[in-house]
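Only one structure is covered here, and it is reproduced in the block below.
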Amino acid sequence: MATALSDRLRRRVAGCRRTVGAAAVVLVIALMATPFASAASGDEGTDQQPERLLILPFDMVDSSLQGEMNHGPLEADVARLRRTADILRRSLGDRDEFELVDPDSVSEKIEEAASSYRYLYECNGCQIDLGKAADADLVMTGWVQKVSNLILNINATLYDVDTGQSVGGGSVDMRSNTNKSWRAAGLYLVEHAMLENYHSRQRARAAAETTATSQTGEQSEVP
Numbered sequence: 001m002a003t004a005l006s007d008r009l010r011r012r013v014a015g016c017r018r019t020v021g022a023a024a025v026v027l028v029i030a031l032m033a034t035p036f037a038s039a040a041s042g043d044e045g046t047d048q049q050p051e052r053l054l055i056l057p058f059d060m061v062d063s064s065l066q067g068e069m070n071h072g073p074l075e076a077d078v079a080r081l082r083r084t085a086d087i088l089r090r091s092l093g094d095r096d097e098f099e100l101v102d103p104d105s106v107s108e109k110i111e112e113a114a115s116s117y118r119y120l121y122e123c124n125g126c127q128i129d130l131g132k133a134a135d136a137d138l139v140m141t142g143w144v145q146k147v148s149n150l151i152l153n154i155n156a157t158l159y160d161v162d163t164g165q166s167v168g169g170g171s172v173d174m175r176s177n178t179n180k181s182w183r184a185a186g187l188y189l190v191e192h193a194m195l196e197n198y199h200s201r202q203r204a205r206a207a208a209e210t211t212a213t214s215q216t217g218e219q220s221e222v223p
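Per the UniProt record's numbering, residue 1 is the first one in the sequence shown, and the count goes up by one each step.
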């Protein structure tokens with residue numbers, strides 16, 4: 001009986017060794033593939049020049065009871081809005097896809113638009129005019145909507161200055177009104193939600209242009 005138990009134990013150990021060995025092989029293959037995958041993803045955008053991006057001041061849309069009683073956003077929320085907007089600017093400025101345009105170059109026009117419209121994110125196309133004045137390729141508007149201290153969301157929209165059309169955007173919910181939650185939601189917005197939407201649209205546009213070029217070439221070859 002002891003011999004049978006010993007045999008079963010040896011078989012289990014051998015099986016464990018095979019499993020660990022297989023996992024190790026998979027891990028090694030994954031590690032070996034990672035540099036090549038990274039290089040491939042890095043090469044994909046090397047030929048594309050960064051687009052000039054103008055980021056407009058973020059708006060605070062406060063429909064909460066606190067906002068109504070205060071006749072406008074609380075100072076603490078306005079401070080969070082400014083800090084979060086600065087964090088998002090730095091995050092986007094570190095990316096290869098964009099070259100940030102200094103908003104000071106059109107500061108007077110931004111102030112004029114802000115005094116003419118309640119919010120810059122819905123200003124009857126003024127964001128496109130500001131983008132043209134700043135010689136930008138893209139304009140980003142952003143805003144935080146506060147319903148209560150437990151219901152907030154941060155939003156952003158990217159516009160193509162040439163066409164005036166939205167080419168990306170996103171919205172992220174927040175369930176607490178703290179510096180930490182604003183920062184986390186803002187970074188997720190620009191690094192994931194908005195950029196994934198923007199890149200998917202860019203890929204779709206590139207595919208459509210490639211198809212159109214191919215069809216034009218085929219038509220020109222027809223005798």
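Think of the CB as a built atom: it goes at the ideal place given N, C-alpha and C, for glycine as much as any other residue.
- Only residues of its own chain outside the window of five on either side were considered, and among them none has a CB closer than 7 Å to the CB of H199.
- With fewer than three CB-CB distances shorter than 8 Å, the region 158-176 does not count as touching the region 92-99.
- K146 sits buried, since 16 or more C-beta atoms from the chains shown fall within 10 Å of its C-beta.
- Around the Cβ of M69, a 10 Å sphere holds fewer than 16 other Cβ atoms; the residue is exposed.
- Distance from the CA of W182 to the CA of T163, rounded to the nearest whole angstrom, comes to 32 Å.
- Around the beta carbon of R118, fewer than 16 other beta carbons sit within 10 angstroms, so the residue counts as exposed.
- Only exposed fits Q48, as fewer than 16 other CB atoms lie within 10 angstroms of its CB.
- If one requires a minimum length of 3 residues, the beta strand (DSSP E) runs lying completely within the region 42-113 are 51-55, 59-62, 98-100, in chain order.
- Non-local C-beta neighbours of L88 in its own chain, meaning closer than 6 Å and more than five positions away in sequence, comprise G186, V190, ordered along the chain.
- Counting along the chain, no alpha helix (DSSP H) covers L138; the unbroken beta strand (DSSP E) around it starts and ends at 138-148.
- As computed with DSSP, D160 is found in a beta bridge with L138.
- With fewer than three CB-CB distances shorter than 8 Å, the region 69-87 does not count as touching the region 113-132.
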